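Below is one structure, written out as structure tokens; the observations come after it.
There are 4 protein chains.
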Amino acid sequence: MAKEEEFKDLGFGTGAAAGGSRLLNQDGSFNIERRGLKDGWTVNIYHSLITMSWTKFSLLVLAFYVLANLLFAMLYLIAGTDQLEGTTGISYLGKFSDAFFFSAQTITTVGYGKMNPQGVFANTIAAAESMFGLLGFAFATGLLYGRFSRPVAKIIYSHHSIIAPYRDHTGYMFRLANGRRNALIEIEAQVVFSCNTVVNDKVVRTFNTLKLERSKINFLPSSWTIVHPIDEESPFYNITHEDLIKAEAEVTILMKAFDDSFSQTVYSRSSYKATEMVVGAKFSTIHGKNKNVTFIDLHRLDEYELVDL
Amino acid sequence: MAKEEEFKDLGFGTGAAAGGSRLLNQDGSFNIERRGLKDGWTVNIYHSLITMSWTKFSLLVLAFYVLANLLFAMLYLIAGTDQLEGTTGISYLGKFSDAFFFSAQTITTVGYGKMNPQGVFANTIAAAESMFGLLGFAFATGLLYGRFSRPVAKIIYSHHSIIAPYRDHTGYMFRLANGRRNALIEIEAQVVFSCNTVVNDKVVRTFNTLKLERSKINFLPSSWTIVHPIDEESPFYNITHEDLIKAEAEVTILMKAFDDSFSQTVYSRSSYKATEMVVGAKFSTIHGKNKNVTFIDLHRLDEYELVDL
Amino acid sequence: MAKEEEFKDLGFGTGAAAGGSRLLNQDGSFNIERRGLKDGWTVNIYHSLITMSWTKFSLLVLAFYVLANLLFAMLYLIAGTDQLEGTTGISYLGKFSDAFFFSAQTITTVGYGKMNPQGVFANTIAAAESMFGLLGFAFATGLLYGRFSRPVAKIIYSHHSIIAPYRDHTGYMFRLANGRRNALIEIEAQVVFSCNTVVNDKVVRTFNTLKLERSKINFLPSSWTIVHPIDEESPFYNITHEDLIKAEAEVTILMKAFDDSFSQTVYSRSSYKATEMVVGAKFSTIHGKNKNVTFIDLHRLDEYELVDL
Amino acid sequence: MAKEEEFKDLGFGTGAAAGGSRLLNQDGSFNIERRGLKDGWTVNIYHSLITMSWTKFSLLVLAFYVLANLLFAMLYLIAGTDQLEGTTGISYLGKFSDAFFFSAQTITTVGYGKMNPQGVFANTIAAAESMFGLLGFAFATGLLYGRFSRPVAKIIYSHHSIIAPYRDHTGYMFRLANGRRNALIEIEAQVVFSCNTVVNDKVVRTFNTLKLERSKINFLPSSWTIVHPIDEESPFYNITHEDLIKAEAEVTILMKAFDDSFSQTVYSRSSYKATEMVVGAKFSTIHGKNKNVTFIDLHRLDEYELVDL
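If you read the protein sequences in the order shown, they are chains A, B, C and D. Take the first sequence: its letters are residues 167 to 475, numbered as in this note's numbering. Take the second sequence: its letters are residues 167 to 475, numbered as in this note's numbering. Take the third sequence: its letters are residues 167 to 475, numbered as in this note's numbering. Take the fourth sequence: its letters are residues 167 to 475, numbered as in this note's numbering.
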């Protein structure tokens with residue numbers, strides 16, 4: 167039995183008994199660095215552009231637009247503004263301004279035509295630039311669609327997990343809710359306990375899937391308190407809070423659900439260290455009623471009261 | 167046993183014993199308000215734009231187009247129409263009209279060029295506007311694609327559920343059909359009964375998954391009558407219609423299927439309150455035959471005849 | 167036992183004992199008409215545009231382009247060509263030609279500007295047309311993407327199913343292969359037998375899921391012969407070909423697989439009537455070898471040799 | 167028992183006992199040629215354009231742009247440059263240059279208008295070309311989006327599989343890791359052993375699903391060593407390396423995971439021939455620690471040390 171546990175490792179490896187650092191951060195990212203990745207740079211750039219904030223994205227688009235126009239303006243200046251019919255600039259700044267705005271009119275394909283290219287060089291640059299503009303715009307279209315249509319579950323977790331009275335004994339619990347307006351369907355939880363254990367005088371990391379009172383629900387319109395009943399087989403059985411902290415215990419959570427708005431399966435990850443656990447507490451109710459409408463207040467998701475076990 | 171029931175709560179919470187209101191509306195939406203949502207506004211706007219009616223969407227696009235042109239027209243008027251070559255307006259209205267149509271020619275990148283910007287200010291606005299137009303158009307492309315390619319199951323349910331004769335005793339039944347032309351494949355039903363129960367002098371909501379005669383079918387070309395046989399273990403066993411209404415009984419339904427046209431999994435939700443139940447009835451046939459072609463008439467999905475049990 | 171069978175109906179309904187017509191056509195479409203569908207027209211139009219042939223689609227796009235230009239040309243003619251600067255047409259045909267090409271230059275946003283709108287009416291039409299052109303183009307972008315990115319499994323089935331020697335007795339078999347270059351992964355088969363049976367002096371349709379020697383394979387690089395061993399529990403046991411034909415027996419097939427190129431689950435449906443069954447045959451091998459490369463020839467998928475059972 | 171094995175064939179067919187060639191290449195492609203495919207050419211072209219390298223794709227786009235402009239330039243020359251107002255070319259080359267750049271201005275819809283079509287023929291070509299340009303651009307938009315948004319698992323496998331000490335006896339092992347930055351969730355492995363066996367004096371290919379110590383993990387942030395314990399039921403039990411090579415033994419691997427960045431299920435395939443197996447070895451550790459950060463070095467995925475069994 168003990169031997170089997172040894173190998174249940176979630177993919178972190180039994181050698182992952184790292185000094186003090188956690189396996190999974192509360193935001194669901196991993197605490198391990200991988201060297202020698204074979205990512206294509208295109209995938210990485212695309213992925214960054216899809217996930218960055220809207221402010222950053224807007225500034226980047228603007229910067230790219232200005233830079234591209236600056237670059238093409240240089241090329242038109244090299245060609246000479248005499249190859250641009252209809253320009254009026256005489257000073258260097260005036261010529262540059264003409265070249266810059268001609269570039270903007272070309273890259274957006276607005277092409278008023280008051281200024282227009284004459285000569286093979288300027289014409290070739292303009293033909294290349296308008297094509298480049300169209301492709302850049304095609305790329306932007308894909309990016310915008312990708313940014314909006316990407317389903318991201320935003321499950322909010324209580325900041326603390328607790329050990330609370332449960333039926334005749336106690337249970338390990340945490341609470342979560344859907345932070346988005348989207349309806350989540352068929353929500354499943356997988357909860358794994360891990361800690362450092364001494365096996366043959368060597369510290370290894372052991373992993374235990376926690377049995378849950380209920381691991382799947384149909385809908386998540388309200389909050390859900392996930393309960394692991396602490397019985398004889400539980401790794402929480404007859405162990406003190408200090409021992410859990412010493413063993414660097416960590417509970418990692420994997421939630422799976424179907425997002426009804428995006429028609430796709432979504433996942434969410436989180437974790438609780440032993441230090442984020444309160445022994446002897448119960449979650450306060452977050453349900454309320456206002457003029458016959460039941461509501462829940464997500465700001466109070468982490469609220470608990472201390473109780474005797 | 168009773169204890170276990172207590173916790174089968176579908177995610178509504180056992181505290182959801184609300185006075186008279188239903189958990190799930192017949193259109194599948196939830197009867198609970200969530201406060202403190204962490205939705206990004208971008209996701210919400212996108213989602214609204216994807217799900218609103220076509221009439222509303224068209225009017226919004228039109229309004230946005232006119233408003234954007236009005237705004238940019240203002241900016242060109244601030245720059246002064248002397249910065250727009252080729253304008254002919256002399257009166258204020260004429261100048262405004264010129265600015266407005268120049269804006270339209272710029273934002274759509276049609277750029278005839280009869281009117282064209284002169285001077286740094288007007289040129290800068292025009293460069294910004296054409297860029298803005300392109301991005302707006304990119305966004306519209308994504309929206310149109312998103313509106314069309316979004317799979318939405320339209321399962322139609324009979325308005326009433328019935329208790330009908332079934333084999334040697336009775337069964338709880340409702341009828342459904344695919345309201346769209348799309349082929350649905352591997353259709354699954356999950357049906358849950360809930361009612362108010364007094365546990366330790368406290369009213370709590372209890373939940374029961376109903377056993378179905380058949381919970382999965384391969385295809386849904388016709389109608390499907392879902393049957394819960396009422397045996398000793400059924401919550402409908404030996405209970406009167408009045409008691410069900412008093413206990414605010416509700417049957418919630420979760421249907422899952424694969425939409426063959428969109429190659430995606432789709433869900434549909436509905437519910438029946440005790441008051442939407444007819445005791446002693448059977449569904450009328452909705453199959454017909456016309457020149458060797460079998461047909462069903464979806465308008466008659468809810469038709470039933472009263473019978474003795 | 168018999169009672170349970172009565173209700174295994176795949177969703178066609180036990181009343182589907184139609185005279186001679188099949189439940190499922192060999193191309194996987196259903197033989198039942200549904201009246202009173204609640205499809206939105208938008209979804210239907212989109213779906214038609216996605217699934218029609220490329221020839222038809224191209225002609226439709228062309229027709230739409232010409233018609234839209236004709237319509238807007240009319241509007242410009244109503245406005246009067248004096249509101250279009252730069253036109254040269256004097257005859258009615260000349261004026262129409264000018265209006266038509268000006269419309270084309272506007273709807274595509276090419277906007278040369280030689281011809282350009284003067285006056286509020288022509289300008290308004292042009293502003294509307296360029297906007298309309300952009301949206302139409304956005305729609306076309308979505309359509310083209312939708313047409314290409316839609317995963318469609320093209321599983322080819324042998325035209326006949328056979329009853330062949332299998333181990334010590336016989337088996338019901340048919341053969342299939344992937345007709346596309348795409349790799350299919352985790353291919354699953356569900357095969358259901360149905361026929362007319364007399365129950366209480368009434369002809370009802372009964373349904374039987376056929377047990378398969380193997381119902382799932384990992385890859386489908388070659389052909390797959392699906393085998394239902396005919397034992398005592400099989401509906402094919404001790405029944406003649408004539409009886410099967412008389413009972414209008416039909417075998418319906420539902421295949422499920424993961425399409426590796428499109429990263430999506432795909433389904434394929436087909437069926438065999440009793441008349442498409444050969445009793446006493448075995449499939450010929452379709453494997454060959456050419457210079458150390460194994461190949462299969464899909465044209466020979468239906469080839470079989472008659473054998474004694 | 168033996169009879170059942172005979173038919174577990176993964177879809178390669180028991181006749182696949184090919185002389186020396188492998189069923190599955192290490193990159194996951196199949197070693198079988200299919201003749202008579204029913205692929206539509208459109209799907210193939212789209213698929214090629216989605217999967218080719220960026221360099222090849224860029225060159226193709228450029229080539230297509232130049233060729234399209236050459237073609238339309240020809241058409242304008244046929245119409246005669248007198249139908250193009252504003253052209254200045256007198257020599258043949260000058261006229262061609264005018265026609266070419268006018269085409270570029272039309273196909274990108276930039277339409278400066280200095281040059282513009284006069285006469286029905288040139289106008290018709292220009293109207294067709296701008297429409298063609300828009301559709302081409304719509305297609306490019308779809309392609310770019312398709313290229314970026316396509317989820318591709320890049321699981322890296324050790325080049326060798328090994329037979330290593332495992333608990334009290336030995337195990338067959340190979341090691342893998344996620345080669346991309348994307349988080350993979352719920353990773354599943356299916357491993358099948360196949361070899362040539364003599365059944366009734368005929369060489370057939372037999373297939374065996376290998377039992378794994380663990381076939382599913384929640385996350386793959388680090389590397390994963392997949393272990394098949396060699397017990398009495400294992401096909402590796404009491405067989406020499408030479409016998410495995412003689413029997414052309416091959417281990418095929420199918421990995422399934424959920425790609426968190428693309429919200430889609432992805433698959434990866436690979437295989438090991440008996441000749442790619444090292445008997446008596448164990449994988450070296452690839453974990454390291456740098457300033458409290460655990461890291462793994464993917465370049466060392468295949469490193470192993472020879473050991474006695």
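Cβ coordinates follow ideal geometry from the N, Cα and C atoms, glycine included. Computed from a prediction, not measured in an experiment: that's the story for all the values here.
Collapsing the DSSP output to three states places C:T451 in coil. With a threshold of 16 other beta carbon atoms within 10 Å, C:A292 meets it and is buried.
Residues of chain A with a Cβ closer than 8 angstroms to the Cβ of C:G279 are, in chain order, Y278, G279. Beta-bridge partners of B:V393 (DSSP): B:M339. Judged by DSSP in its simplified three-state form, A:Q284 adopts coil rather than helix or strand. In this structure, the alpha-carbon of A:F196 lies about 24 angstroms from that of D:E379. For the C-beta of A:A304, the chain D residues within less than 7 angstroms are, from N- to C-terminus, F303, A306, T307, L310. Comparing alpha carbon positions, the residue from B:I351, B:M240, B:A343, B:K439 closest to B:I462 is B:A343.
Among the residues facing chain D, C:Y231 is included, as its CB has a counterpart in that chain under 8 angstroms away.
Any Cβ of chain C closer than 8 angstroms to the Cβ of D:Q249 would place that residue at the interface, and such an atom is absent. With its beta carbon at least 8 angstroms from every one in chain D, A:P401 lies outside the interface. In chain C, no part has a C-beta under 9 angstroms from the C-beta of D:V473; the shortest such distance is about 32 angstroms.
Taking a Cβ-Cβ cut-off of 8 angstroms, C:P395 has no neighbours in chain D, whose nearest Cβ is about 11 angstroms from it. In the DSSP assignment, C:F359 forms a beta bridge with C:N374, C:V417. Taking C-beta atoms as the reference points, C:A265 and C:T247 count as a pair closer than 8 angstroms. For C:R333, the secondary structure class from DSSP, reduced to helix, strand or coil, is coil. Under the three-state reduction of DSSP, C:R200 is assigned to strand. Residue state for C:I256 is assigned as coil, using DSSP reduced to three classes. Look at B:T460: its C-beta is under 8 angstroms from a C-beta on chain C. For B:Y470, the enclosing beta strand (DSSP E) covers residues 470–472. The count of Cβ pairs closer than 8 angstroms, one atom from the region 235–244 of chain D and one from the region 256–275 of chain D, reaches three, so the stretches are in contact.
Any Cβ of chain B closer than 8 angstroms to the Cβ of A:A355 would place that residue at the interface, and such an atom is absent. Taking a contact as a CB-CB distance under 8 angstroms, the pair D:Y231 and A:M421 does not count as one, their CB atoms being some 48 angstroms apart.
Shortest Cα-Cα distance from D:L386 to any of D:I198, D:S224, D:I322 involves D:I322. Setting aside the 5 residues that flank it on each side, A:A234 is surrounded in the same chain by I273, each with a C-beta closer than 7 angstroms to its C-beta; the list follows chain order.
In the three-state reduction of the DSSP assignment, C:E398 falls in the coil class, being assigned neither a helical nor a strand state. When Cβ-Cβ separations below 8 angstroms define contact, A:L464 makes contact with chain B. Assignment of B:Q430 by DSSP, reduced to helix, strand and coil, places it in the strand class. Ranked by how close their Cα comes to the Cα of B:M339, the residues B:F359, B:V364, B:D425 have B:F359 in first place. Judged by beta-carbon spacing, D:A319 lies beyond the 8 angstroms limit of D:V417, meaning their Cβ atoms are not closer than that value.
Taking 9 angstroms as the cut-off between beta carbons, the residues of the region 413–428 of chain A near chain D are T418, L420, K422, D425, F428, in sequence order. By alpha-carbon distance to C:D397, the top candidate from C:F305, C:E251, C:I329, C:T391 is C:I329. For A:M240, the enclosing alpha helix (DSSP H) has its first and last residue at 220–245. Within 7 angstroms of the CB of C:P283, no CB atom of chain D is found; the nearest one sits about 14 angstroms away. A direct Cα-Cα distance of roughly 22 angstroms separates D:E199 from D:I216. The region 274–282 of chain A makes contact with the region 274–290 of chain B, as at least three CB pairs between them are under 8 angstroms.
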